[in-house]
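Letter by letter, the sequence shown follows residues 1 to 83 of the UniProt record's numbering. Each residue gets a CB set at the ideal place from its N, CA and C atoms; glycine is no exception.
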Amino acid sequence: GGAAVKVLGAAAVGPRERVVLVEIGEDVLVLGVAPGSVTRLHEMKRAELALPADLPGQPPPAGKSFATWLHQAAQRRERRDEA
């Protein structure tokens with residue numbers, strides 16, 4: 001058994017550093033990845049996100065589109081937390 005790990009997208013944030021969005025079962029993790037290091041930055045349930053996979057015919061986010069999506073998702077979450 002065990003949940004499959006699915007990389008939903010990644011964005012470079014430095015020359016050797018990336019932010020990676022990973023789905024494991026019903027959980028979605030935002031990970032900071034650098035040489036020799038993986039840090040969990042945030043964890044949420046998949047139901048909390050409107051992932052592109054939820055939309056028929058939409059590919060998963062990649063490159064700049066993922067970075068834009070990640071920024072927008074963070075802003076939506078901040079607004080929700082402030083309410």
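- Per DSSP, Gly25 lies in no beta strand (DSSP E) segment and is marked neither H nor E.
- Check the Cα spacing between Thr68 and each of Ala3, Val5, Leu21: the tightest is with Leu21.
- When the Cα atoms are used, Met44 and Gly32 turn out to be separated by approximately 15 Å.
- Excluding sequence positions up to five before and after Leu29, its CB lies within less than 7 Å of the CB of Val22, Arg40, Glu43, all in the same chain and listed in chain order.
- Counting of Cβ neighbours within 10 angstroms places Val19 among the buried residues, the total reaching 16 or more.
- Assigned with DSSP and collapsed to three states, Glu17 falls in coil, not helix or strand.
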